[in-house]
Amino acid sequence: MASTSTIHDIPLRRVASEKQNNDSINLERVNPVPTGIRNDGAGDEREDVVVTPAPQTPAQRRMELVQLAVLCWAMFVAGWNDASLGPLIPRIQEQYHLGYTIVSLIFVFRCIVSVFGMHSGSSNSALEGMSSRNRAYHLTGTETWFWKSRQLLILGSVILAVGNVFQVTAMLPFPVFVMGAFINGIGYAMENAQAIAYVAGLPDDHGLKMGLFQATYGAGALISPLVATQFSEMKHWSFHYLISLGVAFFATALFVWLFRGRTQRDCLEQIGVASGPPEKEGILSGTPKRSPLHEIVASKTVHILALFLFVYVGTEVTIGGWIVSFMITVRGGGSSSGYISAGFFGGLMLGRLLLLPVNKLLGPNRAVYLYGALCIGYATLLFLHMASISILTPLLPHTSLELIIWLVPSFLGSALSVAFVGTLLGPLYPIAMGHAARTFHPALLTGSISWVSGVATAGSAVLPFITGAIAGKAGIRSLEPVVVGMLTGMLVLWAWVVKAR
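Numbering (the numbering used here), first residue to last: 1392 to 1892.
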């Protein structure tokens, strides 16, 4: 008798219970796949588990590229906002008669709201993966109102645009300008966390998608200082934020067109990518039944990676935000020093693209150690050059990079050095996100990355503020040793990240 085959969907609760052992669930990254039950005609059945998900159709691959391109614009907006402040800081100080410490409050107020961004991202992404019954009893056991993560992306973009409106009018008092930065930061945190979490959940064996995604941050950060420098030389310098407003509105239109009314699960299913089990109880090994948010908070690995990115993003924004003031004060570069910030972020973008083969060759851990060590050594040489310790020149090997530092006139040499440091720093963020995608459980991935991104956003405010406070006491020359200290701390934290895996 010819055998017949039928395919039945096995409830995910049954799959989870079969893998559960002593209330523990395996943490390996697996995608839910259909299970076949074959009838051989003899009356007995056996299960054949299909371990390979169905391949994407051409239409699904095209839609995935469209989604990735739209989310890349979210990162472009993030880079634009982070890099626009550096060239404008001298004009803001001139407009409001401020020192380094007070003007650093702009960074601080963006930090305060990042906590809101990471909480909304982690809790709502966790909720969106639950059934309506579990969602209603999230945390408190009572009905909880929530937003779909794609709606958070749209809302964040709108809020970011509102913040730009406050910053356009420079004739208003400085607290109003800071309030604009505060509102802008709310939108930034929400939009950034949701976009990064979504891309991290896409299949990306070689880190190409995450590398391209993060490179668009560098593209936005490259273009923004070029525009901001032009406005910094004008009477109405704050009109730069009209351009920022247009960029944010365009992002909103794209998000509404592509994501309105859809959850992350809906969007992933649209491109043929499994989004993980809709419910998990006791996802962390050996833990009782808890909400996904509680399990994220209980994960040491999540918090260690968040601390690493706190320092990394803080270092990145510190260099991009304060290098213009450093060049004007120490190198006498004038208002054109704003282009130095563009060079740094341009290097960041190139590093995330050009060093992808090197990352693959070395492996992520060795790549982080190598790039970090080169940054520390190069920044230290730059600091020695700034301090005019020329007596060491004959003692150093004359490699091409050192010749740039020691023999090229100070302003140009410093500019090239900053761009090179940006190139080396560029790949570290995509590598960290790839580490998260490999390490975190699929059911917790979106919420965990939302949390990690929120902490990283806080670093982009706290460390530049600390640098500004130090510069207010010791002068802007203190920038270089402070940056060297941050880079060293970053490498120490990465060793902790690898150990905690």
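Virtual Cβ for every residue (Gly too), placed ideally from N, Cα, C.
On a predicted model such as this, the values are computed, not experimentally measured, just so you know.
Looking at the unbroken alpha helix (DSSP H) that takes in residue i, where does it start and where does it end?
i: ALA1628; result: Looking at the sequence shown, residue 1628 is not Ala but Trp. Here TRP1628 belongs to no alpha helix (DSSP H), and DSSP marks it neither H nor E.
i: PRO1748; result: 1747-1753
i: ASP1473; result: 1449-1487
i: PHE1717; result: 1691-1721
i: GLY1859; result: 1833-1865
i: GLY1876; result: 1870-1891
i: ARG1651; result: From DSSP, ARG1651 is part of no alpha helix (DSSP H); its letter is neither H nor E.
i: ALA1823; result: 1819-1830
With distances taken Cα to Cα, identify the nearest neighbour of residue i among the options.
i: THR1837; options: VAL1809, LEU1684, VAL1556 and SER1629; result: LEU1684
i: ARG1452; options: THR1720, GLY1663, LYS1626 and GLY1705; result: GLY1663
i: GLN1909; options: GLY1763, LEU1546 and HIS1631; result: Because the chain here runs from 1392 to 1892, residue 1909 falls outside it and cannot be looked at.
i: GLY1712; options: LEU1496, LEU1462, MET1454 and LEU1456; result: LEU1496
i: ALA1642; options: LEU1765, LEU1551 and ASP1473; result: LEU1551
i: SER1808; options: PRO1855, GLY1866 and GLY1737; result: GLY1737
i: PRO1446; options: GLU1660, VAL1461 and ILE1577; result: GLU1660
Where does residue i land, buried or exposed, given buried means 16+ other C-beta within 10 angstroms?
i: TRP1885; result: buried
i: ARG1482; result: buried
i: HIS1832; result: buried
i: GLU1485; result: exposed
i: LYS1600; result: buried
i: TRP1628; result: buried
i: GLN1655; result: buried
i: VAL1888; result: buried
i: GLY1876; result: exposed
i: ARG1743; result: buried
i: ALA1865; result: exposed
In whole angstroms, give me the CA-to-CA distance for residue i and residue j.
i: TRP1842; j: PHE1500; result: 18 Å
i: VAL1647; j: GLY1850; result: 30 Å
i: PRO1449; j: THR1830; result: 30 Å
i: LEU1593; j: LYS1626; result: 46 Å
i: VAL1569; j: ALA1852; result: 13 Å
i: VAL1424; j: VAL1590; result: Confidence is the limiting factor: at VAL1424 the pLDDT is only 40, short of 50, which leaves the residue's position unreliable, though a coordinate-based value still follows. Taking the straight line joining both Cα atoms gives about 21 Å.
i: VAL1874; j: SER1716; result: 15 Å
i: ALA1770; j: SER1732; result: 16 Å
i: ALA1474; j: ILE1493; result: 19 Å
i: ALA1588; j: ALA1834; result: 12 Å
i: PHE1701; j: VAL1846; result: 6 Å
i: TYR1491; j: VAL1883; result: 29 Å
i: SER1562; j: GLY1576; result: Just to set this straight, residue 1562 is Met in the shown sequence, not Ser. Going by the C-alpha atoms only, they are around 21 Å apart.
Quick one: what does DSSP say residue i is sitting in, helix, strand or coil?
i: ILE1662; result: coil
i: ARG1757; result: helix
i: PRO1616; result: helix
i: GLY1592; result: coil
i: LEU1741; result: helix
i: ALA1445; result: coil
i: SER1808; result: helix
i: TYR1769; result: helix
i: THR1359; result: This structure does not reach residue 1359, given that the chain is present from 1392 up to 1892, and the question cannot be answered.
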